[in-house]
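Note that the sequence shown covers residues 57 to 561 in the working numbering. By construction, the Cβ of each residue, glycine as well, lies at the ideal position given by its N, Cα and C atoms. Single-structure report; data block below.
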Amino acid sequence: MKTSWIETDSYDRAALARLRDDSPSLQALSESGSKLLPHFDGFVLDLFALLFKLTIVPHPEADVVPSASFYRVLVDQLRTTPVLDTLRQQTVLDETRAGLATLLLGERLLELIKSERILTRAEMLDFWNLEQQEDELSTRRDEADTAANLKGQTSSKATERQLAELEGRMRREIDGAERRLQQRTKQMLNALKDTAERSRGRVESQAQRVLQDLEDTAEQSDSWSVQLGTGQRSSPGAQLELGKRLANNQKLRKLAHMVGRMRETALALRQKMFERADAEMYEISSGAELSRLLPSELLALRHPVLRRDFARRFLDGELLQYALRAREEKGKGPLIVCLDGSSSMAGDKEIWSKAVTLTLLDIARRQRRRFRSICFSSADMPLQVLDLNQWERYAAQLPQVLELAEYFPGGGTDFEKPLSAALDCLRHTKHRRGDIVFITDGECRVTPEWLTEFKRAKEKLGFSLFSVLIDIGPSALGTLQEFSDKIATVSQLTSDASKDIFLKF
Numbered sequence: 057m058k059t060s061w062i063e064t065d066s067y068d069r070a071a072l073a074r075l076r077d078d079s080p081s082l083q084a085l086s087e088s089g090s091k092l093l094p095h096f097d098g099f100v101l102d103l104f105a106l107l108f109k110l111t112i113v114p115h116p117e118a119d120v121v122p123s124a125s126f127y128r129v130l131v132d133q134l135r136t137t138p139v140l141d142t143l144r145q146q147t148v149l150d151e152t153r154a155g156l157a158t159l160l161l162g163e164r165l166l167e168l169i170k171s172e173r174i175l176t177r178a179e180m181l182d183f184w185n186l187e188q189q190e191d192e193l194s195t196r197r198d199e200a201d202t203a204a205n206l207k208g209q210t211s212s213k214a215t216e217r218q219l220a221e222l223e224g225r226m227r228r229e230i231d232g233a234e235r236r237l238q239q240r241t242k243q244m245l246n247a248l249k250d251t252a253e254r255s256r257g258r259v260e261s262q263a264q265r266v267l268q269d270l271e272d273t274a275e276q277s278d279s280w281s282v283q284l285g286t287g288q289r290s291s292p293g294a295q296l297e298l299g300k301r302l303a304n305n306q307k308l309r310k311l312a313h314m315v316g317r318m319r320e321t322a323l324a325l326r327q328k329m330f331e332r333a334d335a336e337m338y339e340i341s342s343g344a345e346l347s348r349l350l351p352s353e354l355l356a357l358r359h360p361v362l363r364r365d366f367a368r369r370f371l372d373g374e375l376l377q378y379a380l381r382a383r384e385e386k387g388k389g390p391l392i393v394c395l396d397g398s399s400s401m402a403g404d405k406e407i408w409s410k411a412v413t414l415t416l417l418d419i420a421r422r423q424r425r426r427f428r429s430i431c432f433s434s435a436d437m438p439l440q441v442l443d444l445n446q447w448e449r450y451a452a453q454l455p456q457v458l459e460l461a462e463y464f465p466g467g468g469t470d471f472e473k474p475l476s477a478a479l480d481c482l483r484h485t486k487h488r489r490g491d492i493v494f495i496t497d498g499e500c501r502v503t504p505e506w507l508t509e510f511k512r513a514k515e516k517l518g519f520s521l522f523s524v525l526i527d528i529g530p531s532a533l534g535t536l537q538e539f540s541d542k543i544a545t546v547s548q549l550t551s552d553a554s555k556d557i558f559l560k561f
């Protein structure tokens with residue numbers, strides 16, 4: 057007999073299996089649920105089928121084991137709620153979104169079960185006892201069938217008679233076990249009517265929450281890898297993990313929105329810069345760009361006959377012109393962002409500064425530069441040092457990106473420790489002309505000895521230091537002027553306020 061209530065085919069089951077293999081959270085959901093109730097894997101498959109399949113076909117009650125009858129209550133309530141239709145508009149035939157909705161809805165319903173608001177602990181034990189009765193009945197049927205087979209194979213009348221008596225006794229025991237199972241199943245089904253009443257509003261409420269979460273996070277999860285600098289789409293399982301974190305973390309959702317806006321701003325600025333960029337001539341080509349024509353072509357305009365030929369070749373794009381190539385800066389050193397994580401940066405300042413950091417990560421990937429972030433606070437707090445794009449083609453590493461996004465140490469402010477760590481990185485790189493971006497909202501004194509040594513190393517290594525002072529409330533440039541090449545002050549935490557930073561790179 058079956059342990060799920062919605063009809064599925066091999067493709068549906070394989071799709072869910074692929075997602076489960078790639079998603080630790082989906083695995084944990086099945087494992088956690090299976091500790092509370094039997095056949096929870098079948099219920100997860102039902103959720104996926106409800107969200108993924110174009111046509112939903114339920115199994116007849118007689119085809120499903122009685123110990124899975126509780127899940128029918130949840131499945132029926134989900135099928136009859138209008139929220140499911142809206143949810144399915146986003147998930148039908150989309151494995152990743154259906155998997156994310158399955159994970160979110162499964163976790164919410166599992167929390168309801170754990171809280172004993174729709175099912176008591178005693179009722180959970182009853183389902184385990186029911187499954188045990190089913191297993192025992194199945195074992196007895198197998199034993200009776202084995203006895204029947206042996207009876208037909210023996211040549212001894214005495215043995216045949218003994219096996220027949222054994223089979224008869226087993227069949228009578230099976231009949232008794234079936235009656236007890238049917239009676240117990242009937243009692244459980246009657247009890248489930250009360251469970252259905254208790255759970256009706258709660259199940260619909262959880263589905264509504266998942267709908268809202270999916271609308272907020274599915275698109276962000278799908279495009280996060282591109283927006284935050286990986287430059288490539290993550291695997292479906294990784295998108296499930298990210299979607300779960302986005303759904304449960306409002307700060308991450310705000311950060312993703314801010315990074316998206318900043319990335320658009322940075323790309324627009326870079327496009328304008330490339331349009332104005334110096335270029336070099338490297339060959340002769342054909343075209344119709346008047347500003348790049350060879351002098352010999354311009355001379356043709358003075359001759360009446362050649363002028364007509366010039367017009368023809370202009371229309372055909374066959375005039376001789378210089379081909380230009382933008383001057384590229386190669387061999388640039390790493391881009392290092394020192395990010396203030398002190399208590400005063402909490403809230404919008406943290407979101408804005410991390411959005412700037414992750415947008416610079418995207419710029420570094422495009423420039424094929426290594427990128428390191430150093431999050432700092434008090435002198436006694438350890439630095440969070442992350443190399444975010446060590447992969448091939450300088451693609452960012454999503455786990456490290458999320459680690460940066462979610463980390464916030466709090467505490468005071470110390471400038472010397474992160475800048476010394478940035479120096480160590482630049483000393484060990486093979487390229488000169490690295491850059492340090494120092495983002496802070498505070499003031500901190502540095503010792504004259506440290507400042508002298510820092511300036512000496514800065515001149516030797518040939519890097520630039522660009523400081524960003526988030527100027528909300530009373531603050532002064534103070535120490536930043538002593539070691540920075542340029543300082544930008546920010547008073548409005550918007551994507552437009554970051555233009556000066558992105559123009560630098």
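Boundaries (first-last residue) of the beta strand (DSSP E) holding residue i
i, result
"arginine 428", "427-432"
"threonine 496", "491-496"
Per-residue DSSP class, three states only, for residue i
i, result
"leucine 110", "coil"
"serine 547", "coil"
"arginine 436", "Checking the sequence shown, residue 436 turns out to be aspartate, not arginine. The answer is coil: DSSP assigns aspartate 436 none of H, G, I, E or B."
"valine 131", "helix"
"aspartate 191", "helix"
"isoleucine 62", "strand"
"threonine 315", "According to the sequence shown, residue 315 is valine rather than threonine. DSSP places valine 315 in helix when its eight states are reduced to three."
"valine 121", "coil"
"serine 347", "helix"
"glutamate 339", "strand"
"aspartate 150", "coil"
"leucine 442", "strand"
"arginine 332", "Legend: pLDDT at arginine 332 = 48, less than 50; position of this residue unreliable, no value from coordinates given."
Beta-carbon proximity check, residue i vs residue j, cutoff 8 Å
i, j, result
"arginine 363", "alanine 356", "yes"
"isoleucine 526", "proline 474", "no"
"leucine 539", "phenylalanine 510", "The question names leucine, yet the displayed sequence has phenylalanine at residue 539. Contact flag set, yes."
"glycine 572", "proline 292", "Outside the displayed range of the chain (57 to 561) lies residue 572, so it cannot be described from this structure."
"glutamine 276", "alanine 312", "yes"
"leucine 536", "isoleucine 543", "yes"
"threonine 469", "serine 547", "no"
"aspartate 97", "isoleucine 62", "no"
"leucine 460", "leucine 442", "yes"
"arginine 309", "leucine 298", "no"
"valine 412", "serine 523", "no"
"leucine 75", "leucine 296", "yes"
"proline 122", "leucine 186", "yes"
"valine 129", "alanine 252", "yes"
"leucine 92", "isoleucine 169", "yes"
"leucine 507", "lysine 514", "no"
"arginine 153", "glutamine 146", "yes"
"serine 400", "aspartate 497", "yes"
Limits of the alpha helix (DSSP H) - the one that residue i falls within
i, result
"valine 412", "404-422"
"serine 81", "80-92"
"glutamine 141", "A small correction: the amino acid at residue 141 is aspartate; glutamine does not occupy that position in the sequence shown. Residues 138-147."
"glutamate 538", "536-539"
"arginine 301", "292-304"
"arginine 173", "First-last for arginine 173: undefined, no H or E at that position."
Whole-angstrom C-beta distance between residue j and residue i, which should lie under 8 Å
i, j, result
"arginine 428", "cysteine 481", "6 Å"
"alanine 105", "isoleucine 112", "7 Å"
"proline 390", "arginine 426", "4 Å"
"isoleucine 392", "glycine 490", "7 Å"
"glycine 467", "serine 433", "4 Å"
"glutamate 151", "phenylalanine 183", "Rounded, the Cβ-Cβ distance is 30 Å, inconsistent with contact."
"cysteine 394", "isoleucine 495", "7 Å"
"alanine 322", "threonine 176", "Not quite, the Cβ-Cβ distance comes to about 56 Å (not below 8 Å), so this is no contact."
Can you give, in chain order, each stretch of the alpha helix (DSSP H) that sits fully within the region 354-402 and has at least 4 residues? 360-372
Whole runs of the beta strand (DSSP E) within the region 449-526, excluding any shorter than 3 residues: 491-496, 520-526
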